[in-house]
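Numbering (full-length UniProt numbering), first residue to last: 1 to 500.
Now the structure itself:
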């Protein structure tokens, strides 16, 4: 067991010892072995030689003092012969630490504090996954209520509301018009989602969506052994659903039977608390699963009204463009390794895609501010659906706050920027004036805050209007690959600036 894995033995001997007065001279017990010097604590160290120590007993003699010195010299030589263990992550040895108050009683609150701090650092150590992400051990995924009972006030947009016969979609699997209605249970105690087994271009593909939900449930919520009835390559529910939906077979009855069996199985696992216990053991979500949930939200809120986002003024700050899921994961999770106790702010958040992704994938407090009215309306719709749908999935997320208007004049945004750990600014099409205003806003950022932007806020020509950028920011330049942004399939560059 290492030095930092247990309470130091010498703490029990810290308090001054009372030595009984007897006729036979009794040598005092060896004093605790000290660091060479601890100036800040010297005056309070109760075991250092003081007049009051000798006055407490008549048994202290010159011969005893000499013995003490010999013992001390021998102990010092022994310490030199034994090499000290290598330091762990720059932690300070408790012997040499000036934080330990040797004048206090054994087992004091201060002693427990620094020992607890060491244990806390151990618990907070993050591991690295195969895809490059770092895992936050303090992330909690289980929704506090969704797996225990119905959550009130959920206003879910069912798939049947955006892809249905009424909306001119065509039946699939050879179903008649009166046979298309089905329900899909999620891994919680919330009511199932309503689907219609239909298809149409640019609409939700009901069959594909249902099979994806079943697959994600098996992969994310169940152990490998528990998932066998769902994922077995011959008899699993996923295989049966896929086989029944094959165009050459189109087995409607087989599809519905497999779906009904899935609904019963997953509901039983939720009621038996199998799903809840599995979620409690997880601290991260698969990246593909995060993207799937966000796409579910987007397909039910933004996609049907996406034409509203084309109404912007070219050459102004009112320009719309999206940073896609892989880009955000690469920046926030891999490069910056954000954790659930941090604060994220998106200035110019559009329909809120990135704000919601940060809250779901990282679990952090997530803010956004947008001034385009249509984008704000769609962002509010996304947040409402996001809240309902993550409850359906039984997942807890970080707190989300969406603000409207000019972020330069929003008091709440000005305040949260002081606490922000990461700020995103998609300034690809921002005017120079807005970029200069942003630099002045960054004066309030705390030291070490990261700013992600498509264009640098520090320019080579350093004019009077933006010279403050080079004073307060250090900039690193990166390249993102193809298909990372919505306005082009080509690769491009972006910056991560750090507040000095």
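Idealized CB from N, CA, C, for every residue including glycine.
- Message: Using only CA atoms, which one of 158, 288, 279 lies nearest to residue 386?
- Response: As a position in the chain shown, residue 386 is number 386, starting the count at 1. The residue with the shortest Cα to Cα distance from residue 386 is 158.
- Item | Spatially closest choice to residue 295 from 422, 207, 425, 356, by CA coordinates | As a working mapping, residue 295 is identified with position 295 in the chain shown. Cα-wise, what sits closest to residue 295 is 356.
- Message: For residue 189 and residue 489, what's the separation of their Cα atoms in angstroms?
- Response: For the purposes of this step, residue 189 is taken as the residue at position 189 of the chain shown. For the purposes of this step, residue 489 is taken as the residue at position 489 of the chain shown. Rounded to the nearest angstrom, the gap between the Cα atoms of residue 189 and residue 489 is 41 Å.
- Query: So what's residue 329 in DSSP terms, helix, strand or just coil?
  - Reply: The sequence position of residue 329 within the chain shown is 329, counting from 1. Residue state, collapsed to three classes: helix.
- Spatial distance of residue 121 from residue 137 (CA atoms): Stepping through the chain shown from its first residue, residue 121 is reached at position 121. Stepping through the chain shown from its first residue, residue 137 is reached at position 137. At residue 121, the pLDDT of 37 sits below 50, so the modelled position is not reliable and the matter cannot be decided from this model.
- Query: Are the Cβ atoms of residue 382 and residue 297 separated by less than 8 Å?
  - Reply: In the chain shown, the residue the question calls residue 382 occupies position 382. In the chain shown, the residue the question calls residue 297 occupies position 297. Cβ distance < 8 Å, so residue 382 and residue 297 count as in contact.
- Buried or exposed by the 16-neighbour rule on C-beta atoms within 10 Å, applied to residue 21: Translated into positions along the chain shown, residue 21 becomes position 21. With a pLDDT of 45 at residue 21, under the threshold of 50, the predicted position of this residue should be treated as unreliable, though the coordinate-derived value follows. Exposed is the call here.
- For residue 254, which three-state DSSP category applies? By one-based count along the chain shown, residue 254 stands at place 254. Residue 254 falls in the helix class under three-state DSSP.
- Within 10 angstroms of its Cβ, does residue 202 collect 16 or more other Cβ (buried), or is it exposed? The residue labelled residue 202 in the question sits at position 202 within the chain shown. Classification of residue 202: exposed, given that the 10 Å Cβ count is below 16.
- Proximity winner among 419, 265, 171, relative to residue 226 (alpha-carbon distances): Residue 226 sits at position 226 when you count from the first residue of the chain shown. Of the listed residues, the one whose Cα sits closest to residue 226 is 265.
- Query: When the distance is taken between beta carbons, is residue 416 closer than 8 Å to residue 332?
  - Reply: Within the chain shown, the letter at position 332 stands for residue 332. Within the chain shown, the letter at position 416 stands for residue 416. Not a contact, by the Cβ cut-off of 8 Å.
- Message: Just to confirm my understanding: we take residue 478, look at its own chain, exclude 5 residues before and 5 after, and list those with CB closer than 6 Å. What are they?
- Response: Start at 1 with the first residue of the chain shown, and residue 478 comes out as number 478. The answer, listed in chain order, is 494.
- Starting from residue 501 and walking both ways along the alpha helix (DSSP H), at which residues does that stretch end? Here the chain comprises residues numbered 1 to 500, so residue 501 is not present and cannot be evaluated.
- Closest residue to residue 440 among 471, 286, 182, 403 (Cα-Cα distance): Counted from its first residue, the chain shown places residue 440 at position 440. Taking only the C-alpha atoms, the option nearest residue 440 is 471.
- Whether residue 147 touches residue 276 by CB criterion (8 Å): As a position in the chain shown, residue 147 is number 147, starting the count at 1. As a position in the chain shown, residue 276 is number 276, starting the count at 1. Closer than 8 Å, so yes.
- Over what stretch of residues does the beta strand (DSSP E) that includes residue 307 continue unbroken? Indexing the chain shown from 1 puts residue 307 at position 307. From DSSP, residue 307 is part of no beta strand (DSSP E); its letter is neither H nor E.
- Message: For residue 330, tell me which candidate among 352, 361, 340 has the shortest Cα-Cα distance.
- Response: Within the chain shown, numbered from 1, the residue matching residue 330 stands at position 330. Nearest C-alpha to residue 330: 361.
- Sequence-distant residues of its chain with Cβ nearer than 6 Å to residue 109 (five each side left out): Here residue 109 refers to the residue found at position 109 of the chain shown. The pLDDT assigned to residue 109 is 40, lower than 50, so where the model puts this residue is not dependable, and the model offers no usable value.
- Query: Which one of 443, 187, 419, 165 has the shortest CA to CA distance from residue 178?
  - Reply: In the chain shown, residue 178 corresponds to position 178, counting from 1. The candidate whose alpha carbon is nearest that of residue 178 is 165.
- CB-CB length for residue 211 against residue 238, believed under 8 Å: Along the chain shown, one-based indexing puts residue 211 at 211. Along the chain shown, one-based indexing puts residue 238 at 238. About 6 Å separates the two Cβ atoms, so the contact holds.
- Query: Does DSSP classify residue 512 as helix, strand or coil?
  - Reply: It is not possible to answer for residue 512, since the shown part of the chain is limited to 1 through 500.
- Under a three-way DSSP split, which group does residue 192 fall into? The residue you call residue 192 lines up with position 192 of the chain shown. Residue 192 falls in the coil class under three-state DSSP.
- Message: Rounded to the nearest angstrom, what separates residue 394 and residue 431 at their Cα positions?
- Response: Residue mapping note: residue 394 aligns to position 394 of the chain shown, counting from 1. Residue mapping note: residue 431 aligns to position 431 of the chain shown, counting from 1. Answer to the nearest angstrom: the Cα atoms are 42 Å apart.
- Item | Where the beta strand (DSSP E) through residue 496 begins and ends | Translated into positions along the chain shown, residue 496 becomes position 496. From DSSP, the beta strand (DSSP E) with residue 496 extends over 492 to 499.
- Message: For the alpha helix (DSSP H) containing residue 242, name the first residue and the last one.
- Response: Within the chain shown, residue 242 is the residue found at index 242, counting from 1. Here the alpha helix (DSSP H) through residue 242 covers 237 to 244.
- Given that a residue counts as buried once 16 or more other Cβ atoms are within 10 Å of its Cβ, and exposed if not, what is residue 456? In the chain shown, residue 456 corresponds to position 456, counting from 1. The residue in question, residue 456, is buried, as its Cβ has 16 or more Cβ neighbours within 10 Å.
- To the nearest angstrom, report how far apart residue 420 and residue 413 are at their CA atoms. Stepping through the chain shown from its first residue, residue 420 is reached at position 420. Stepping through the chain shown from its first residue, residue 413 is reached at position 413. Each residue's alpha carbon lies about 10 Å from the other.
- Assign residue 344 to one of three DSSP states: helix, strand, or coil. To locate residue 344, count along the chain shown from 1; it is residue 344. Three-state DSSP puts residue 344 in a strand.
- Message: DSSP three-state label for residue 478, please.
- Response: Within the chain shown, residue 478 is the residue found at index 478, counting from 1. In the structure shown, residue 478 sits in a strand (DSSP, three-state: E or B).
- From 215, 191, 170, residue whose alpha carbon lies closest to that of residue 199: Against the chain shown, residue 199 aligns to sequence position 199. Nearest option by C-alpha distance: 170.
- Query: According to the Cβ coordinates, are residue 230 and residue 480 closer than 8 Å?
  - Reply: Stepping through the chain shown from its first residue, residue 230 is reached at position 230. Stepping through the chain shown from its first residue, residue 480 is reached at position 480. No; because the gap between Cβ atoms is not below 8 Å, this pair is not in contact.
- Task: Would you decide whether residue 244 is buried or exposed? Buried here means 16 or more other CB atoms lie within 10 Å of its CB.
- Result: Counting from 1 along the chain shown, the entry for residue 244 is found at position 244. With 16 or more other Cβ atoms within 10 Å, it is buried.
- Task: Specify the secondary structure class of residue 204 as computed by DSSP and reduced to three states.
- Result: One-based indexing of the chain shown puts residue 204 at position 204. Coil, per DSSP.
- Task: Would you mind sorting residue 474 into buried or exposed? The rule is 16 or more other CB atoms within 10 Å of its CB.
- Result: Your numbering for residue 474 matches position 474 in the chain shown. Label assigned to residue 474: exposed.
- Query: Between the beta-carbon of residue 418 and the beta-carbon of residue 450, is there less than 8 Å?
  - Reply: Position 418 of the chain shown, counting from 1, holds the residue named residue 418. Position 450 of the chain shown, counting from 1, holds the residue named residue 450. No.
- Message: Are the CB atoms of residue 435 and residue 426 within a distance shorter than 8 Å?
- Response: As a position in the chain shown, residue 426 is number 426, starting the count at 1. As a position in the chain shown, residue 435 is number 435, starting the count at 1. No.
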